[in-house]
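Comments concern the structure below.
Residue numbers (this note's numbering): 68 to 429.
Next comes the structure, spelled out in structure tokens:
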């Protein structure tokens with residue numbers, strides 16, 4: 068690594084850490100602490116529980132602050148270098164715009180990849196732990212909840228063995244309705260069972276009024292068998308099933324894909340989960356996209372003031388997340404394709420970044 072690259076990255080590092088700390092403090096102060104205070108006053112949550120809630124809430128917040136911090140860092144670092152005429156000196160030495168911004172783009176790409184891995188490996192687990200702590204430890208809500216569109220995956224290692232879907236689950240009566248069970252061998256669908264309802268009796272689920280289809284390797288039905296009463300091949304009790312139903316933010320990419328697949332096979336809208344799946348990539352990639360905007364803007368001579376850089380960052384961030392909120396709602400409602408809904412904010416910023424880069428490089 069050349070001295071110039073180290074120098075620019077050093078200028079970038081300070082504002083980036085400052086951005087992560089500042090934006091995280093805003094999220095924590097405006098939302099997280101308020102919710103935690105409600106749990107203390109309403110449910111009497113203990114100090115240890117409050118500490119756990121605070122820790123579990125951090126990963127999701129930090130992932131959101133990475134793109135904002137990269138935008139702020141690129142604006143402030145290049146703004147300082149431009150304001151002190153160091154950029155002019157570098158250009159007079161024969162360095163092009165692309166050579167000056169290369170360390171920033173590489174660093175932004177690294178942050179995007181790190182954020183992608185973090186949002187896949189850490190955020191779903193922390194979100195699940197946070198929600199479970201609230202429901203079962205603070206609110207003491209251990210009873211099974213009535214829910215629609217239940218999906219129960221049974222996975223062995225990396226292979227899925229069984230995927231169970233129920234259109235409705237009643238917690239009070241421990242009953243599932245309109246059940247479809249898909250059984251796999253070596254990731255190939257070999258059996259489908261369906262039933263009108265299933266009731267938890269003793270320590271097992273009993274299905275009523277259904278049919279079993281045995282499938283050939285080409286997917287055609289080899290034989291079928293109707294039944295009035297059949298033991299359901301699912302050994303999870305109502306509490307475990309209710310607790311196992313995750314929100315989109317609690318699922319990994321693999322779990323999201325399984326959930327979407329199960330819903331689509333039952334002709335149930337999966338737009339909400341499809342948008343969340345695509346946003347697992349688009350939100351972390353915003354770090355690189357924001358660098359494409361921040362670097363050329365920061366090179367302008369009048370960007371020497373750090374307050375101006377912070378102000379521009381807030382405006383761009385506000386516009387980005389406003390567009391993302393609107394497109395997410397449209398995507399979840401099925402008005403536009405889920406992939407397009409997730410990518411529109413990034414595509415708009417990429418277009419703006421390409422124009423700014425072209426203008427700054429001339």
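The beta-carbon is built from N, C-alpha and C at its ideal position, and this holds for glycine as well.
Exposure label - residue 349; buried when at least 16 CB within 10 Å:
buried
Could you compute how far the alpha carbon of residue 307 sits from the alpha carbon of residue 355?
41 Å
ask   = Under three-state DSSP, which class holds residue 162?
value = coil
Query raised in the report: Helix, strand or coil: which one does DSSP assign to residue 277?
Result: DSSP places residue 277 in strand when its eight states are reduced to three.
Reducing DSSP to helix, strand and coil, say where residue 199 ends up.
helix
Open item on the list: Rounding to the nearest angstrom, what Cα-Cα distance links residue 132 and residue 269 in this structure?
Closed with: One C-alpha to the other measures close to 49 Å.
Look at the alpha carbon of residue 300 and the alpha carbon of residue 258, and state the distance between them as a whole number of angstroms.
12 Å
Whose C-beta lies closer than 7 Å to the C-beta of residue 192 among residues of the same chain, with five residues either side of it excluded? Nothing meets the Cβ criterion.
Q. For residue 274 versus residue 239, is the C-beta distance shorter than 9 Å?
A. Taking a C-beta distance under 9 Å as the contact criterion, residue 274 and residue 239 do not qualify as a contact pair.
(message) Between which residues of its own chain and residue 371 is the CB-CB distance below 8 Å, once the five residues before and five after are set aside?
(response) Any reading at residue 371 is ruled out, since the residue's pLDDT is 47, under 50, leaving its predicted position unreliable.
**Report entry** Spatial distance of residue 407 from residue 324 (CA atoms)
**Finding:** 17 Å
Checklist entry - Does the pairing of the region 208-215 with the region 230-250 give three or more beta-carbon distances under 8 Å? => result yes
Unbroken beta strand (DSSP E) run spanning residue 243, endpoints:
Where residue 243 is concerned, the enclosing beta strand (DSSP E) stretches over 242-252.
Handout entry: With 16 other Cβ atoms within 10 Å as the buried cut-off, status of residue 254
Key = exposed
Practice task
Could you tell me if residue 392 is buried or exposed, where buried requires 16 or more neighbouring beta carbons within 10 angstroms of its beta carbon?
Solution key: exposed
Run through DSSP, which three-state label would residue 370 get? Per-residue confidence for residue 370 stands at a pLDDT of 46, beneath the threshold of 50, marking its modelled position as unreliable; the derived number appears in the next sentence. DSSP places residue 370 in helix when its eight states are reduced to three.
Residue 205 burial status per 10 Å Cβ neighbour count (16 or more: buried): buried
Item to check | Start-end ranges of the alpha helix (DSSP H) lying completely within the region 121-194, minimum 4 residues | outcome: 153-159, 164-188
Starting from residue 351, follow the alpha helix (DSSP H) in both directions and report where the run begins and ends.
It spans 338-365 - the alpha helix (DSSP H) in which residue 351 sits, taken as one unbroken run.
So the candidates are 361, 410, 402; which of them puts its Cα closest to the Cα of residue 421? 361
Give every residue of the same chain whose Cβ lies closer than 7 Å to the Cβ of residue 78, excluding the five residues on either side of it in the sequence, and list them in chain order. 144, 147, 148
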